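Novice: Taking this note's numbering, the leading residue of the sequence shown gets 27, the next gets one more, and so forth.
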Amino acid sequence: MEAYSSRWELNARIAERGEFSESEKKTYRNDLGLPILGCGNLHAFPTWLRQVREKNGLDFDTGAADIRVGRKRAAGKLIAQWLES
C-alpha cells in the first residue's frame, strides 16, 4: 500500500479588492470574505467555486488558472475538466 499526501494551495487576487490565500493547513488571507474550503475538503472544490460565483459574484477563469500537478501536464488538464463539472 502506498501513502501520499494531497498538498494544495489556492490563491486569488482581485485588483483593488484584496486577496484570498488558503492551503491544506490554514487560511493565510481572506480580504475578499470568501468561504473557507478547509482541510480535508479539496474534493468539494468545484462546489466551492459555484458557491463563490453565486454568493460573491466572482467567476474565476479556470481556463486561465495556473494548475500544477507535479510534472504531469495531463493531470492539470484533468483537474481543469473537474473544475468545470
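Note that the Cβ used here is the ideal one computed from N, Cα and C, for glycine as well.
All figures in this text were calculated on a predicted structure; none of them were measured in a lab.
Around the Cβ of residue 86, are there at least 16 other Cβ atoms within 10 angstroms (buried) or fewer (exposed)?
Specialist: Residue 86 comes out exposed.
Novice: If you pair each beta-carbon of the stretch 53-65 with each one of the stretch 86-96, do three or more pairs fall below 8 Å?
Specialist: These segments do not touch.
Novice: To the nearest angstrom, how far is the alpha carbon of residue 101 from that of residue 42?
Specialist: Straight-line Cα distance between these residues: approximately 33 Å.
Novice: When the Cα of residue 33 is compared with those of 95, 62, 77 and 74, which residue comes out closest?
Specialist: Per the Cα distances, 95.
Novice: Which first and last residues belong to the alpha helix (DSSP H) in which residue 71 is found?
Specialist: 71-82 is the span of the alpha helix (DSSP H), which, as asked, contains residue 71.
Novice: Please classify residue 44: does DSSP put it in a helix, a strand, or coil?
Specialist: Of the three classes helix, strand and coil, the one that applies to residue 44 here is strand, per DSSP.
Novice: Would you report the Cα separation of residue 79 and residue 72, rounded to the nearest angstrom?
Specialist: Approximately 11 Å between the Cα atoms of the pair.
Novice: Considering only C-alpha positions, which residue in the set 60, 66, 67 and 65 is nearest to residue 82?
Specialist: Answer by Cα proximity: 60.
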